[in-house]
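Notes follow once the structure below has been shown.
Numbering (the working numbering), first residue to last: 36 to 569.
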């Protein structure tokens, strides 16, 4: 194909002009402006009118020239062409399903809609390509047709222009501060700005609303009445969005990169050593109640999932989450899992509460009637901590949950703060007594991020604390079983004091001799660029 003809294609970027991902900077134009400046000013195929006509022979309306987007080595696609084809296909799909008996409405499953939609997309792209060839005398390549078809499919059934970033396994976080201010962080790399994911904030909100409709988990929406949106995406990623209460739509997406990791896998990743892995596995078998704590993004959920893999496979357990992230009911190890997901309301309020809302705290009483031997709460955020502590106190033991806390010794007060949200009858002393009676072990996960100085993100267990009942001043007493040793240059958890429940752990198969090593099973202190022993 002649280079001049190739440059006129709506997918094309003249060789040598494709912009690389810009380095993060606090100054200068936004990513969208840099991309537009680097790309030659060529009209898209849809914007080139034929003489005496206002549409191409395919019936596609004349579209204004717009910027194209390109990720990796995939041919770039004109987003407005993709949006127009999506509109056409959506109309055709609705007409097809409406005419066919039994294939419209809620009875039509997602797989059927996607299968029919895929076929219609292929037909629409073929018509468009034929019209382009007639208009310009040159046919798009098979790769370009495929890229356009995938872009239309993503707009209809997946996450649109966000999808390439969701498909990249190395991307851990995506943050969006309006349609044209998008940043991603990859493994062991700081945030980096990338091209826009929508042409306008209104289009971004429309994309989020489409994702909410595809979610299938109740009345989740994004609107003036419901300005926040939390949902799970395909692959287990979690999305949180805000609009109306912010100047522009804001979105944060997090990926769990070790979705099916075991404790042995976490040993390989450096999250724990083999001593702590053996200790935690024995604690699960001994039915100890465990609370995993840490800040956002340190790996609490991954550790919880890995510890759950130590539960005997025939035990019947329940999981309660605001959005499914544990996926214990799909991983295959546990044969009897009752997964429960909270439901958001529809934005209306009746008698002071959101209509249709069902919280984790309200699901716990129903879970207790499901003949469950353990209950696992993905994340305790508010007053549901009280029902969770009562489950730990009254049940057979072995329940687990995660909790946000900046430091391990803040956990007790953090629990008390959340207990006070439960009701006016709750007091500090009652919260402390509930904690002392319910929780056996607190496992704190920390992260040292040295990506800004050319290093890596180190995620690891820094403390394992044993709750040994009420201590002085009516507060729970804590015993540091594992903790860091700054004198040895080791921020990771190594053995400190044997636990009071050591006999229980030995009956579950734990080798108490592992606690004799001051260095644990680490071969050397954690290698850090700043701090530690060199």
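The beta carbon of each residue, even a glycine, is placed where N, CA and C say it ideally should be.
Here the structure is a predicted model, which means the values were calculated and not measured.
Sheet register partners of residue 481 (DSSP bridge): 495, per the DSSP bridge assignment.
8 Å contact criterion, which residue 443 and residue 493 should meet: CB distance rounded: No, residue 443 and residue 493 are not in contact; Cβ-Cβ is about 17 Å, not under 8 Å.
Touching by the beta-carbon criterion (3+ pairs, under 8 Å), the region 393-402 and the region 327-335: These segments do not touch.
As assigned by DSSP and simplified to three states, the class of residue 565: Correct three-state label for residue 565: coil.
Residue 301 versus residue 129 - alpha carbon distance: Spanning the two alpha carbons is a distance of roughly 47 Å.
Whether residue 441 touches residue 330 by CB criterion (8 Å): In this structure, residue 330 lies closer than 8 Å to residue 441 by Cβ.
Proximity winner among 489, 485 and 511, relative to residue 445 (alpha-carbon distances): When C-alpha distances from residue 445 are compared across 489, 485 and 511, the shortest belongs to 511.
Local conformation of residue 191 per DSSP, three classes: DSSP places residue 191 in helix when its eight states are reduced to three.
Beta-carbon proximity list for residue 557, same chain, < 8 Å, skipping 5 on both sides: Within its own chain, the residues whose Cβ lies closer than 8 Å to the Cβ of residue 557, once the five positions on either side in sequence are excluded, are 308, 525, 527 and 529, listed in chain order.
Distance between residue 503 and residue 553 (C-alpha atoms, nearest Å): Computed Cα separation, rounded: 23 Å.
Nearest-angstrom Cα separation, counted from residue 550 out to residue 366: Taking the straight line joining both Cα atoms gives about 32 Å.
Distance between beta carbons of residue 324 and residue 474, contact taken as under 8 Å: The distance from the Cβ of residue 474 to that of residue 324 is about 6 Å, consistent with a contact at the 8 Å cut-off.
Contact check, residue 496 vs residue 454, beta carbons under 8 Å: For residue 496 and residue 454, no; Cβs fall outside 8 Å.
Residue 291 classed as buried or exposed, judged by whether at least 16 other C-beta atoms fall within 10 angstroms: By the 16-neighbour rule on beta-carbons within 10 angstroms, residue 291 is buried.
Residue 565 classed as buried or exposed, judged by whether at least 16 other C-beta atoms fall within 10 angstroms: Residue 565 is classed as exposed because its beta carbon has fewer than 16 other beta carbons within 10 Å across all chains shown.
CB of residue 570 within 8 Å of CB of residue 326, strictly: The question about residue 570 has no answer here: the residues shown for the chain are numbered 36 through 569.
Alpha carbon of residue 121 to alpha carbon of residue 147, nearest angstrom: Their Cα atoms are separated by approximately 17 Å.
Three-state secondary structure (DSSP) of residue 464: DSSP places residue 464 in helix when its eight states are reduced to three.
Residue 458 classed as buried or exposed, judged by whether at least 16 other C-beta atoms fall within 10 angstroms: Per the 10 Å Cβ criterion, exposed.
Alpha carbon of residue 423 to alpha carbon of residue 361, nearest angstrom: Roughly 17 Å between the two C-alpha positions.
Residue 441 (DSSP reduced to helix, strand or coil): In the structure shown, residue 441 sits in coil (DSSP, three-state: anything other than H, G, I, E or B).
DSSP three-state assignment for residue 554, whether helix, strand or coil: Residue 554 falls in the coil class under three-state DSSP.
From 359, 375 and 347, residue whose alpha carbon lies closest to that of residue 369: It is 347 whose Cα lies nearest to the Cα of residue 369.
CA nearest to the CA of residue 179, picked from 160, 196 and 189: Of the candidates 160, 196 and 189, 160 places its Cα closest to the Cα of residue 179.
Cβ distance (whole Å) where residue 531 is taken to contact residue 517 below 8 Å: In this structure, residue 531 and residue 517 form a Cβ contact; the two beta carbons are roughly 6 Å apart against a cut-off of 8 Å.
Residue 325 - partner residues in DSSP beta bridges: In DSSP, residue 325 forms a bridge with 435 and 476.
Backbone CA spacing between residue 539 and residue 472 [nearest angstrom]: Rounded to whole angstroms, the separation of the alpha carbons of residue 472 and residue 539 is 17 Å.
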